[in-house]
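Let me begin by presenting the structure, written as structure tokens, before commenting on it.
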Amino acid sequence: MEIIQKFGLEVKLFLFQLINFLIIVFILKKFLFAPLKKILDERKCKIEQSLQDAENTKIILENASKEKKSILAKAKSNADMLMATVKISIKEIKEKVVIEAKHRSEQIIDDAKQKAATEFESMNKKIGKMSVDISGKVISKVLSDLFTETEKQKLMSRALEKIDEKIKN
Numbered sequence: 012m013e014i015i016q017k018f019g020l021e022v023k024l025f026l027f028q029l030i031n032f033l034i035i036v037f038i039l040k041k042f043l044f045a046p047l048k049k050i051l052d053e054r055k056c057k058i059e060q061s062l063q064d065a066e067n068t069k070i071i072l073e074n075a076s077k078e079k080k081s082i083l084a085k086a087k088s089n090a091d092m093l094m095a096t097v098k099i100s101i102k103e104i105k106e107k108v109v110i111e112a113k114h115r116s117e118q119i120i121d122d123a124k125q126k127a128a129t130e131f132e133s134m135n136k137k138i139g140k141m142s143v144d145i146s147g148k149v150i151s152k153v154l155s156d157l158f159t160e161t162e163k164q165k166l167m168s169r170a171l172e173k174i175d176e177k178i179k180n
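53 is the number that our numbering gives to position 42 of the sequence shown; each next residue is one higher, with no gaps.
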């Protein structure tokens with residue numbers, strides 16, 4: 012104990028300081044370190060959860076990117092197929108329109124030919140009637156000097172009948 016006295020250490024004071032120190036350590040441990048440790052543990056859990064969520068998000072993002080690429084590839088494939096189908100449909104429609112136009116033009120030409128033939132026949136009949144009338148007048152003038160009225164009528168009717176037959180044939 013001599014050494015303790017040489018250093019100027021008092022035992023009672025030292026014991027009180029030791030007891031105070033232990034009380035402060037207990038209080039700090041109970042009221043400061045426990046809540047602080049709890050807060051640090053919660054933060055650690057949140058950080059770990061955030062890291063886990065970030066990793067999950069990264070995986071989801073990669074999957075979404077792969078799915079996006081596959082959807083775009085399918086859409087491009089579908090668009091190419093649709094475009095090919097549209098080109099074929101346009102070609103078929105174009106061919107149909109050309110065929111219909113040819114058919115319609117042929118029909119118009121046939122109608123025009125038929126109409127021309129009808130008009131030609133009509134004009135021939137009119138010309139035939141006119142020629143019969145003119146022939147009747149010419150014969151009447153020529154025959155008026157040569158024959159009597161009854162003979163003239165008989166000859167004229169026969170001549171007109173022959174002209175009619177020739178025109179109809």
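Cβ coordinates follow ideal geometry from the N, Cα and C atoms, glycine included.
Reduced DSSP secondary structure (H/G/I, E/B, other) of residue i
{"i": "F131", "result": "helix"}
{"i": "L26", "result": "helix"}
{"i": "F37", "result": "helix"}
{"i": "K68", "result": "Here the sequence assigns Thr to residue 68, which means Lys is not the residue at that position. Three-state result, T68: helix."}
{"i": "F18", "result": "coil"}
{"i": "F158", "result": "coil"}
Distance CB(residue i)-CB(residue j) smaller than 9 Å
{"i": "S2", "j": "M167", "result": "Lying before the first or after the last residue shown, residue 2 is absent from the chain, which here runs from 12 to 180."}
{"i": "I178", "j": "K148", "result": "no"}
For residue j and residue i, believed in contact at Cβ under 8 Å, the rounded distance
{"i": "I174", "j": "S146", "result": "6 Å"}
Residue from the options with nearest C-alpha to residue i
{"i": "E176", "options": "K98, K140, E160 and Q164", "result": "K140"}
Test: residue i CB closer than 9 Å to a CB of chain B
{"i": "L166", "result": "Any reference to chain B falls outside this structure, which holds one protein chain only."}
In the region 78-160, which residue ranges form an unbroken alpha helix (DSSP H) of at least 4 residues, counting only runs that do not cross its ends? none
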